[in-house]
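What the sequence shown shows, in the working numbering, is residues 23 to 420, in sequence order.
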Amino acid sequence: MSTDNVAVIGGGLMGHGIAQVAAMSGQEVTLIDVSEAALTKARQKMADSLGRLAEKGRLQGRPEDVLGRISTTTNLADGVHNVDCVIEAVFEDINLKQLILGEVDAHAPGHAILATNTSGLSITVIAEVTRRQENVIGMHWMNPPQLMRLVELVRGKHTSDETLQATLGLCHKYGKETVIAERDVWFFLAARARMGWTLECALMYLRGEAGVREIDAAGKHKVGLPMGEFELADFLGAVDIRTDGLKSAEQILKGHPDFEPWPGLLEAYRQVVAGLWGPMKEKGLSGIKTGKGFYDYPGGKYIKPEIPRELAEKVHPLQLLAPGLNSAAWCVSNGVGSIADINKALRLAYGWPKGIFEFLGEYDIKDVLATLKAKEAKSTGLLREFYRPDPLLVNWKT
């Protein structure tokens, strides 16, 4: 499969960054959006980014030469009619993505790869609207695409080996490292492996076991994360993203219940949306963009929260790492991805100092299992399954 000519649909935060990366690799790129104003704004952002990279000596060639390889159009049919690969990068809305992929399928050459940049929506469901489901693949770029080293590739149920290999080659052309999610489940591999950590931070807070700063202090000062979980949520606007993400997932699950095969994780997620993320979204506590989230940001500007080291003593890292390890282990046991890819994803996508399984060299597996079993015993209903130790951990050999 050739991947010489690329079209990127969506000139927003992710789309213009992806187009820039492709042009930096020497490709001819067509950037498509619904309005000339959006395309003009995207071109200016790319010019600014390229200028900064050039100043730092991180750009081969001149910024204007890279920009010269990027054409723009508001006509989707014209933009995709002679390309080898289309990368869709619109909002995380399953209906919108299906609408666009259906139109792309009608106008792109029959051999073209159709890649969807999504952090958690079903590749299989998105592909159903096309006549080339074997050519559809998930291509989850990390934000910002120009700087982040990792791209996660996701197989839909019908994605062919040829499509996967061609997309891997494209990523390597872009200078990116890759991980592969072999099963099309909610949150795929990178975010899913980390989801146990994310949810447990919120659940501990909801149960009143620790405060926001105490949990973040443990993550930053004892685990070595660049940001605590709540600080990161504010930075990303995650209470909005995660609340809306559940709505899309619930829609997908009505027709495709296998999209979330772990009832425990779904129950934990629903509880956190109902008890924390959803109410915060309704109150406008969405983080930096609204001036307040878990922390305060006067004027809507990022101010690094004060998270004293001494607060880390109030939360043992295993209280958070054990559920994180459990969700990562689930991914391995259920064929989503490998230990090596999970470790790589947490390092490159989330800035962890080491892969989550590497913490098993620091903490005794017996203590991990005891922590999970204690949490399971205190839980009720389906939430018990979230904490039930995965067989990979039960049989872990040190």
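Beta carbons: idealized from backbone N, C-alpha and C, even for Gly.
Whole-angstrom distance between LYS366 and SER360, CA atom to CA atom: Residue numbering aside, residue 360 sits at position 338 when the sequence shown is read from its first letter. Residue numbering aside, residue 366 sits at position 344 when the sequence shown is read from its first letter. Looking at the two C-alpha atoms, the distance is approximately 10 Å.
Cβ neighbours of ASP26 in the same chain (closer than 8 Å, five flanking residues each side left out): Mapped onto the sequence shown, residue 26 falls at position 4. Excluding residues within five positions, the ones whose Cβ falls inside 8 Å are GLN49, GLU50, ASP106.
Backbone secondary structure at ARG177 - three-state DSSP: Numbered from 1 along the sequence shown, position 155 holds the residue referred to as residue 177. The answer is strand: DSSP assigns ARG177 an E or B state.
Among LEU186, PHE381, THR312, nearest to ASP256 - alpha-carbon criterion: Residue 256 sits at position 234 when you count from the first residue of the sequence shown. Cα-wise, what sits closest to ASP256 is THR312.
Distance between GLY34 and LEU136 (C-alpha atoms, nearest Å): What you label residue 136 is simply residue 114 of the sequence shown in a count that begins at 1. What you label residue 34 is simply residue 12 of the sequence shown in a count that begins at 1. LEU136 and GLY34: Cα-Cα distance of roughly 19 Å.
Start and end residues, beta strand (DSSP E) containing ASN365: Here residue 365 refers to the residue found at position 343 of the sequence shown. Per DSSP, ASN365 belongs to no beta strand (DSSP E); it is in the alpha helix (DSSP H), 361 to 372.
HIS243 versus ASP386: straight-line alpha-carbon distance, rounded: Reading the sequence shown from its first residue, position 221 is the one you call residue 243. Reading the sequence shown from its first residue, position 364 is the one you call residue 386. Computed Cα separation, rounded: 20 Å.
Spatial distance of GLY357 from LEU415 (CA atoms): Residue mapping note: residue 357 aligns to position 335 of the sequence shown, counting from 1. Residue mapping note: residue 415 aligns to position 393 of the sequence shown, counting from 1. For GLY357 and LEU415, the distance between alpha carbons rounds to 15 Å.
Residues that ALA215 bridges to, as DSSP identifies them: The count along the sequence shown starts at 1 and reaches residue 215 at position 193. None, per the DSSP bridge assignment.
For VAL158, the residue or residues it bridges with in DSSP: Taking the sequence shown and counting its residues from 1, one reaches residue 158 at position 136. Its beta-bridge partners are LEU136.
ILE122 classed as buried or exposed, judged by whether at least 16 other C-beta atoms fall within 10 angstroms: Within the sequence shown, the letter at position 100 stands for residue 122. With 16 or more other Cβ atoms within 10 Å, it is buried.
Coil, strand or helix - THR189 by DSSP: In the sequence shown, residue 189 corresponds to position 167, counting from 1. Residue state, collapsed to three classes: helix.
Extent of the continuous beta strand (DSSP E) run through GLU50: Position 28 of the sequence shown, counted from the start, is the residue given in the question as residue 50. Here the beta strand (DSSP E) through GLU50 covers 50 to 54.
Selection from ALA232, LEU247, GLY178, ARG91 that minimises the alpha carbon distance to LEU143: Here the question's residue 143 lines up with position 121 in the sequence shown. Checking every option, the nearest Cα to that of LEU143 belongs to GLY178.
Runs of alpha helix (DSSP H) wholly within the region 191 to 256 (minimum 4 residues, chain order): 212 to 228, 234 to 239
C-alpha distance - LEU169 paired with VAL43, whole-angstrom precision: For the purposes of this step, residue 169 is taken as the residue at position 147 of the sequence shown. For the purposes of this step, residue 43 is taken as the residue at position 21 of the sequence shown. For LEU169 and VAL43, the distance between alpha carbons rounds to 9 Å.
Residue span of the alpha helix (DSSP H) that contains VAL102, given as start and end: The residue you call residue 102 lines up with position 80 of the sequence shown. 98 to 102 is the span of the alpha helix (DSSP H), which, as asked, contains VAL102.
Segment contact flag, the region 58 to 67 with the region 188 to 197, C-beta cutoff 8 Å, min 3 pairs: no
Limits of the unbroken alpha helix (DSSP H) element including VAL416: Along the sequence shown, read from residue 1 onward, the residue named residue 416 stands at position 394. Element bounds for VAL416: 413 to 416.
Span of the beta strand (DSSP E) around ALA29: Numbered from 1 along the sequence shown, position 7 holds the residue referred to as residue 29. Segment 27 to 31, the beta strand (DSSP E) holding ALA29.
Alpha-carbon spacing of GLU86 relative to PRO339, whole angstroms: If you number the sequence shown from 1, residue 86 lands on position 64. If you number the sequence shown from 1, residue 339 lands on position 317. Taking the straight line from one Cα to the other gives about 49 Å.
LYS195 to LEU221 span [Cα, whole Å]: Your numbering for residue 195 matches position 173 in the sequence shown. Your numbering for residue 221 matches position 199 in the sequence shown. Cα-Cα distance, rounded: 35 Å.
Own chain partners of LEU275 with C-beta closer than 7 Å, once the 5 adjacent residues on each side are dropped: Reading the sequence shown from its first residue, position 253 is the one you call residue 275. Excluding residues within five positions, the ones whose Cβ falls inside 7 Å are PHE281, GLU282.
Cβ shell of HIS180 (< 8 Å), same chain only, five flanking positions each side left out: Against the sequence shown, residue 180 aligns to sequence position 158. These residues qualify, in order along the chain: THR146, ALA149, GLN155, GLU156, VAL158.
Contacting residues, own chain, Cβ-Cβ under 6 Å from GLY309 (five flanking each side not counted): Locating residue 309 in the sequence shown gives position 287, where the first residue counts as 1. Contacts found: ASP256, GLY259, GLY315.
Three-pair Cβ contact test at 8 Å for the region 261 to 275 versus the region 394 to 406: no
The region 402 to 414 contacting the region 284 to 291, beta-carbon criterion three pairs below 8 Å: yes
Candidates HIS129, HIS133, PRO166, HIS103, of which the one nearest LYS67 by Cα: By 1-based counting over the sequence shown, the position of residue 67 is 45. The shortest Cα separation from LYS67 among HIS129, HIS133, PRO166, HIS103 belongs to PRO166.
Cβ-based burial, ALA99 [other Cβ within 10 Å; buried from 16]: Here residue 99 refers to the residue found at position 77 when the sequence shown is read from its first residue. The residue in question, ALA99, is exposed, as its Cβ has fewer than 16 Cβ neighbours within 10 Å.
Rounded separation between TYR319 and GLY297 - CA only: Residue mapping note: residue 319 aligns to position 297 of the sequence shown, counting from 1. Residue mapping note: residue 297 aligns to position 275 of the sequence shown, counting from 1. The straight-line gap from Cα to Cα measures roughly 23 Å.
Beta-ladder partner(s) of THR95, from DSSP: On the sequence shown, position 73 is the one that residue 95 refers to. Answer is ILE54.
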